[in-house]
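Read through the structure below, which is laid out as structure tokens, and then see the notes.
Number of protein chains: 2
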Amino acid sequence: MNQRLIFVTNDDSYQSKGFQAAIEVARQFGKVIAVAPDTVQSGKSQAITICDTLRLKTISISDDIEIYSLNGTPVDCVKFAFDYFLKGRKVDMTISGINHGTNSAANLLYSGTMGAAIESAFYGVPSVGLSNVDHSDDADFEACIEYGIRIAKSVIDSDIRPLCLNVNVPILPANQIKGVKVCRQTKGFWVDEVLERTDPYGKSYYWFTGGFQNAEPEAVDTDEWALKSGYVSVVPVQVDLTSYKQMKAVADILE
Amino acid sequence: MNQRLIFVTNDDSYQSKGFQAAIEVARQFGKVIAVAPDTVQSGKSQAITICDTLRLKTISISDDIEIYSLNGTPVDCVKFAFDYFLKGRKVDMTISGINHGTNSAANLLYSGTMGAAIESAFYGVPSVGLSNVDHSDDADFEACIEYGIRIAKSVIDSDIRPLCLNVNVPILPANQIKGVKVCRQTKGFWVDEVLERTDPYGKSYYWFTGGFQNAEPEAVDTDEWALKSGYVSVVPVQVDLTSYKQMKAVADILE
Numbered sequence: 029m030n031q032r033l034i035f036v037t038n039d040d041s042y043q044s045k046g047f048q049a050a051i052e053v054a055r056q057f058g059k060v061i062a063v064a065p066d067t068v069q070s071g072k073s074q075a076i077t078i079c080d081t082l083r084l085k086t087i088s089i090s091d092d093i094e095i096y097s098l099n100g101t102p103v104d105c106v107k108f109a110f111d112y113f114l115k116g117r118k119v120d121m122t123i124s125g126i127n128h129g130t131n132s133a134a135n136l137l138y139s140g141t142m143g144a145a146i147e148s149a150f151y152g153v154p155s156v157g158l159s160n161v162d163h164s165d166d167a168d169f170e171a172c173i174e175y176g177i178r179i180a181k182s183v184i185d186s187d188i189r190p191l192c193l194n195v196n197v198p199i200l201p202a203n204q205i206k207g208v209k210v211c212r213q214t215k216g217f218w219v220d221e222v223l224e225r226t227d228p229y230g231k232s233y234y235w236f237t238g239g240f241q242n243a244e245p246e247a248v249d250t251d252e253w254a255l256k257s258g259y260v261s262v263v264p265v266q267v268d269l270t271s272y273k274q275m276k277a278v279a280d281i282l283e
Numbered sequence: 029m030n031q032r033l034i035f036v037t038n039d040d041s042y043q044s045k046g047f048q049a050a051i052e053v054a055r056q057f058g059k060v061i062a063v064a065p066d067t068v069q070s071g072k073s074q075a076i077t078i079c080d081t082l083r084l085k086t087i088s089i090s091d092d093i094e095i096y097s098l099n100g101t102p103v104d105c106v107k108f109a110f111d112y113f114l115k116g117r118k119v120d121m122t123i124s125g126i127n128h129g130t131n132s133a134a135n136l137l138y139s140g141t142m143g144a145a146i147e148s149a150f151y152g153v154p155s156v157g158l159s160n161v162d163h164s165d166d167a168d169f170e171a172c173i174e175y176g177i178r179i180a181k182s183v184i185d186s187d188i189r190p191l192c193l194n195v196n197v198p199i200l201p202a203n204q205i206k207g208v209k210v211c212r213q214t215k216g217f218w219v220d221e222v223l224e225r226t227d228p229y230g231k232s233y234y235w236f237t238g239g240f241q242n243a244e245p246e247a248v249d250t251d252e253w254a255l256k257s258g259y260v261s262v263v264p265v266q267v268d269l270t271s272y273k274q275m276k277a278v279a280d281i282l283e
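Going line by line, the protein sequences match chains P and B.
First residue of the first sequence: 29, per the numbering used here; consecutive thereafter.
First residue of the second sequence: 29, per the numbering used here; consecutive thereafter.
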């Protein structure tokens, strides 16, 4: 049997602790080739670089693990890998992450980690987007690695294709996590605050801050509920944004 | 009756021809306040600026139309407007666009125009993302404006909420367009090519190029079909990416 090939990317850059944790998950399954952003790309969603050029840098190469960086978004890294760098080679799975910070609920839409996971699935490569609810730089990734390996094994062994999973791990030691819950994306959205500050030259500049508003805090089948209840949340992801249930009503108003 | 307030943003910057076309649509319905990116933000998807600061610039102010620019993404413009600039004021509708280039099919996922339209709907403000299939800088927006006004009127008069429409207009004179089709997002994805070039200093750099692959060219209920058949395509958009039909199968493999 040929050695499997696992692709790794993320949105916190190749220098993040979570990237090393993703490599640790991926290397259990075969040769690892990673192309990750050279700078932090949090909140980059499915963004692609159209109006600028990209440059690749070799970070380290060993027999089993090759790491490169790209000055682009997470989705750029996937496209660059599958359309150029790994073109014509069979890739068995993508691990994206491990993100510092949750990608549950509406965060999925803003997430560069999940943007890359979705992009991978477009190329027919099953993907696991892994996120640690703890967003600190020195977050503990032990439970994420343990559950990441377990879930990635199920993905690579299964024949469900296309497959893209949004996996979030609560801030708990592995032995206190209750297990895995397959659940749906929680309804809700971010409410931001805009902080105004004054620069040393007297001009205003702004920062976003804010928090997620759960629109259905009572629901017990959502990823937010699973995480709050001590489970690893797993949401299977699809990319058809059509609101089928509104189609007739919209057709009626446009008549 | 109080004057209505219409918010405008886009992804091609406040200097684009399509932005002026969006203003032309919006001003039919009330006072216009626009916050648009100061540079081209094509392909920025739902990206938000987390790790950097934002600055606002006044472009022009008259009684009926106020235009500002922000050094951020389309979604940043929406958040900045609704969480700060227009905070506490009722906004009746968002017009995002008019984009130079189609946002049909999977383009919806990469589109900054549609990122902004989706973000607006999160804030409870109905939104119309308008795109011209013609991506040239000097594209003709006459048909887009005509159909944009017609569709925006239906949206503002309706009580369907939340509501976010992905509207694309084919490259045809208005009198040759056959009408409006409410349809679904076409399945498919982009296949890119990576062009390698050498800089004057002997180092490689890369550009993305490529094209959309329609995975269901025979389907007659998709936005790609509608556009090719001479209709304006209208896809009602929702933001739950859960793959409900895969939930049981995924739960089975994770047991």
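All C-beta atoms, glycine included, are put in the ideal place defined by N, C-alpha and C.
In three-state DSSP terms, what is residue i?
i        : result
P:Lys209 : strand
B:Asn38  : coil
B:Ala4   : The displayed coordinates of chain B run from 29 to 283. Any statement about residue 4 of chain B would go beyond what the structure contains.
P:Ser232 : strand
B:Asp268 : coil
B:Leu33  : strand
B:Lys107 : helix
B:Ala149 : helix
P:Gln204 : helix
P:Glu158 : The sequence given here has Leu at residue 158 of chain P, not Glu. Correct three-state label for P:Leu158: strand.
For the beta strand (DSSP E) that residue i lies in, which residues bound it at each end?
i        : result
P:Glu52  : Not the beta strand (DSSP E): P:Glu52 falls in the alpha helix (DSSP H), residues 45 to 54.
P:Gly220 : As written in the sequence, residue 220 of chain P is Asp, which differs from the Gly given in the question. Counting along the chain, the beta strand (DSSP E) containing P:Asp220 begins and ends at 216 to 226.
P:Glu170 : Where P:Glu170 is concerned, there is no enclosing beta strand (DSSP E), although the alpha helix (DSSP H) it sits in stretches over 170 to 185.
P:Glu94  : 93 to 98
B:Ala64  : 59 to 65
B:Asn128 : The amino acid occupying residue 128 of chain B in the given sequence is His; Asn does not appear at that position. From DSSP, the beta strand (DSSP E) with B:His128 extends over 121 to 128.
B:Cys192 : 192 to 197
I want to check one thing, is the minimum distance from the CB of residue i to the heavy atoms of the ligand COA below 8 Å?
i        : result
P:Phe113 : Here there are no bound small molecules, and the ligand COA is not part of this structure.
So that I know if they touch, is there some Cβ in chain P lying closer than 9 Å to that of residue i?
i        : result
B:Arg55  : no
B:Ala75  : yes
B:Asn196 : no
B:Arg117 : no
B:Val278 : yes
B:Gly230 : no
B:Cys192 : yes
B:Ala134 : yes
B:Ile286 : Summary: the structure shown does not reach residue 286 of chain B, with chain B confined to residues 29 through 283, and so no result is reported for it.
B:Lys72  : yes
B:Phe35  : no
B:Val262 : yes
Within 9 Å (strictly less), CB to CB, does residue i reach chain B?
i        : result
P:Gln31  : no
P:Phe217 : yes
P:Glu246 : no
P:Asp185 : yes
P:Trp253 : no
P:Phe108 : yes
P:Phe79  : Checking the sequence, you will find Cys at residue 79 of chain P rather than Phe. P:Cys79 counts as touching chain B.
P:Pro154 : no
P:Gly143 : yes
P:Pro201 : no
P:Leu137 : yes
P:Ile173 : no
P:Gln43  : no
P:Val210 : yes
For the alpha helix (DSSP H) containing residue i, list its first residue and its last residue.
i        : result
B:Tyr138 : 135 to 138
P:Ala277 : 275 to 282
B:Leu84  : That residue, B:Leu84, is in no alpha helix (DSSP H); its beta strand (DSSP E) goes 84 to 89.
B:Leu255 : 251 to 256
Just to confirm, is the Cβ distance from residue i to residue j under 9 Å?
i        : j        : result
P:Gly207 : P:Val260 : yes
P:Thr81  : B:Tyr234 : yes
P:Ala247 : P:Cys192 : no
B:Val53  : B:Leu98  : no
P:Gln204 : P:Gly129 : no
B:Gly116 : B:Pro65  : no
P:Ile281 : B:Ile188 : yes
P:Leu33  : P:Lys107 : no
P:Pro190 : P:Gly152 : yes
Taking 9 Å as the threshold (beta carbon to beta carbon), is residue i in contact with chain D?
i        : result
P:Glu221 : Absent here is chain D; the protein component of the structure consists of chains P and B.
Exercise for the section: Would you check if the region 38 to 54 of chain B and the region 115 to 131 of chain B touch, i.e. whether three or more CB-CB distances between them fall below 8 Å? Expected result: yes
Handout entry: Contact the region 135 to 151 of chain B vs the region 69 to 77 of chain B: 3+ CB pairs below 8 Å
Key = yes
Handout entry: the region 204 to 224 of chain B in contact with the region 236 to 253 of chain B per 3-pair CB rule at 8 Å
Key = yes
Exercise for the section: Flag this pair as touching only if the region 167 to 178 of chain P and the region 84 to 94 of chain P have three or more C-beta atom pairs under 8 Å; answer yes or no. Expected result: no
Problem - Inter-stretch contact (C-beta, 8 Å, three-pair minimum) for the region 156 to 166 of chain B and the region 186 to 200 of chain B - result: yes
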